[in-house]
Amino acid sequence: MSDEFKIEIVNPEKSFLIKEDVLEVIVPAFEGEMGILKDHISIISFLKPGIITVLSKSGNEKFFVEDGIVEFKNNHLSILTSSIFNLSDMDNSKRQDLLKQAENEASKTEINDQSKYLIDQKIEVLRSLN
Numbered sequence: 063m064s065d066e067f068k069i070e071i072v073n074p075e076k077s078f079l080i081k082e083d084v085l086e087v088i089v090p091a092f093e094g095e096m097g098i099l100k101d102h103i104s105i106i107s108f109l110k111p112g113i114i115t116v117l118s119k120s121g122n123e124k125f126f127v128e129d130g131i132v133e134f135k136n137n138h139l140s141i142l143t144s145s146i147f148n149l150s151d152m153d154n155s156k157r158q159d160l161l162k163q164a165e166n167e168a169s170k171t172e173i174n175d176q177s178k179y180l181i182d183q184k185i186e187v188l189r190s191l192n
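Here the sequence shown is numbered in the working numbering, starting from 63 and rising by one per residue.
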């Protein structure tokens, strides 16, 4: 019996990634990092800034995501996000640009607690990539 399931990651520009040979996906959910395997219970959750790890028979990939919604149902994982980057395509200058933008946002005085939390998460993840 196959241990594989399907993943689809969509951002506003396009269908970012579609794979059908996925063994496990680790997502940065608000509840904490969540590992998803075939036959996981149905879930819907929000993503916080972090790394999505896709482990598949055709190769492993990592993506930096800023936000989004994740849904798993009937062995189909859907991730909808406004901003995602493949870490293998992300050079140091892109990481530095994202980090600088996040630090500028964090320094604003009119920021609310939820936004501050998310920006701090983003800064922490981007710093860990360097």
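Backbone N, C-alpha and C fix where the C-beta goes; we use that ideal spot for every residue, glycine too.
Nothing here was measured: the structure is a model prediction, and the numbers come from that model.
Excluding the 5 residues preceding and the 5 following Ser145 in the sequence, name in chain order all residues of the same chain whose CB lies nearer than 6 Å to its CB.
Here residue 145 corresponds to residue number 83 of the sequence shown, with the count starting at 1. Closer than 6 Å at Cβ, skipping near neighbours: Glu128.
Just the Cα atoms here: how many angstroms apart are Glu167 and Phe147?
Against the sequence shown, residue 167 aligns to sequence position 105. Against the sequence shown, residue 147 aligns to sequence position 85. Cα to Cα, the separation comes out at about 20 Å.
Along the chain, which unbroken stretches of the alpha helix (DSSP H) at least 4 residues long are found entirely within the region 118 to 192?
154 to 168, 175 to 191
Have a look at Asp206 and Val89 and give me their C-alpha separation to the nearest angstrom.
For the chain, the structure presents residues 63 to 192; residue 206 sits outside this window and is missing.
Could you give the distance in angstroms between the alpha-carbon of Val132 and the alpha-carbon of Lys162?
As a first step, residue 132 is located in the sequence shown; it is residue number 70 there, counting from the start. As a first step, residue 162 is located in the sequence shown; it is residue number 100 there, counting from the start. So the two alpha carbons sit approximately 27 Å from each other.
I'd like to know whether the C-beta atoms of Ala164 and Leu188 end up nearer to each other than 8 Å.
On the sequence shown, position 102 is the one that residue 164 refers to. On the sequence shown, position 126 is the one that residue 188 refers to. Cβ atoms of Ala164 and Leu188: closer than 8 Å.
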